[in-house]
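Numbering (the numbering used here), first residue to last: 548 to 707.
This is the structure we're talking about:
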């Protein structure tokens, strides 16, 4: 990414906000979105305690599986970390400005969460209109076949 500061950022789902806190501390305008109000309250308490006056952080209660309440092309960077959902990927892509970035990472293949992991290539195919700059898929072998964990960085291309 060309610059790590001065960006409009969406972190969904943000959880307790470790990524949101870091990015806001770098001088970005960050929206931390999560379904859990307790986590958002803890995030904002951490923000007020650890980093008063740095950047800008806003917490928004949302269900990432439902319609997201943000304007098209509102963000330079969207993070979807430790979450697996084709619906969320498709929902956040229109929220990213031309030239903006999507960082997507599934959770690891621990316990039962491996049941939701994608098959190889599935995630990159969901981001049409983006250039995939880095894609790391780690195979996870199961009785049901081969699935992967995913780490992906993609940049939104100009509309043609």
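Using N, Cα and C, we set each Cβ at its ideal position, and we do this for glycine too.
Next on the checklist: Per DSSP, what are the beta-bridge partners of residue 576 in this structure?
Outcome noted: For the purposes of this step, residue 576 is taken as residue 29 along the chain shown, with counting starting at 1. Per DSSP, 555, 603.
Item to check | Minimum C-alpha distance to residue 678 - residue among 618, 607, 650 | outcome: Against the chain shown, residue 678 aligns to sequence position 131. Ranking the options by Cα distance to residue 678, first place goes to 650.
Item to check | DSSP three-state assignment for residue 639, whether helix, strand or coil | outcome: Locating residue 639 in the chain shown gives position 92, where the first residue counts as 1. Helix.
Item to check | the stretch 585-600 in contact with the stretch 553-569 per 3-pair CB rule at 8 Å | outcome: yes
Checklist entry - residue 674 to residue 682, Cα distance in whole Å? => result Taking the first residue of the chain shown as position 1, residue 674 is located at position 127. Taking the first residue of the chain shown as position 1, residue 682 is located at position 135. The alpha-carbon atoms of residue 674 and residue 682 are separated by roughly 12 Å.
Item to check | residue 688 - DSSP class collapsed to helix/strand/coil | outcome: Sequence index remark: in the chain shown, residue 688 carries index 141 (1-based). Looking at residue 688 - three-state DSSP - the assignment turns out to be strand.
Next on the checklist: Looking at the strands, I want to know which residues DSSP matches up with residue 651.
Outcome noted: In the chain shown, residue 651 corresponds to position 104, counting from 1. Per DSSP, 627, 699.
Checklist entry - If you draw a straight line from the C-alpha of residue 557 to the C-alpha of residue 622, how long is it? => result Numbered from 1 along the chain shown, position 10 holds the residue referred to as residue 557. Numbered from 1 along the chain shown, position 75 holds the residue referred to as residue 622. The straight-line gap from Cα to Cα measures roughly 7 Å.
Next on the checklist: Buried or exposed for residue 575, going by 16 or more other Cβ atoms inside 10 Å?
Outcome noted: Residue 575 sits at position 28 when you count from the first residue of the chain shown. Buried, by the Cβ-count rule.
Next on the checklist: If you follow the alpha helix (DSSP H) that residue 619 is in, where does it begin and where does it stop?
Outcome noted: Taking the chain shown and counting its residues from 1, one reaches residue 619 at position 72. It is not in any alpha helix (DSSP H) - residue 619 carries neither H nor E in the DSSP assignment.
Item to check | Of the residues 648, 582, 612, 652, the one placed nearest residue 634, counting alpha carbons only | outcome: Position 87 of the chain shown holds residue 634. Among 648, 582, 612, 652, the Cα nearest to that of residue 634 belongs to 612.
Checklist entry - Can you check whether the CB of residue 652 is closer than 8 Å to the CB of residue 698? => result One-based indexing of the chain shown puts residue 698 at position 151. One-based indexing of the chain shown puts residue 652 at position 105. Yes, these two residues count as a Cβ contact at 8 Å.
Item to check | Extent of the continuous alpha helix (DSSP H) run through residue 588 | outcome: Within the chain shown, the letter at position 41 stands for residue 588. Residue 588 -> alpha helix (DSSP H) spans 584-597.
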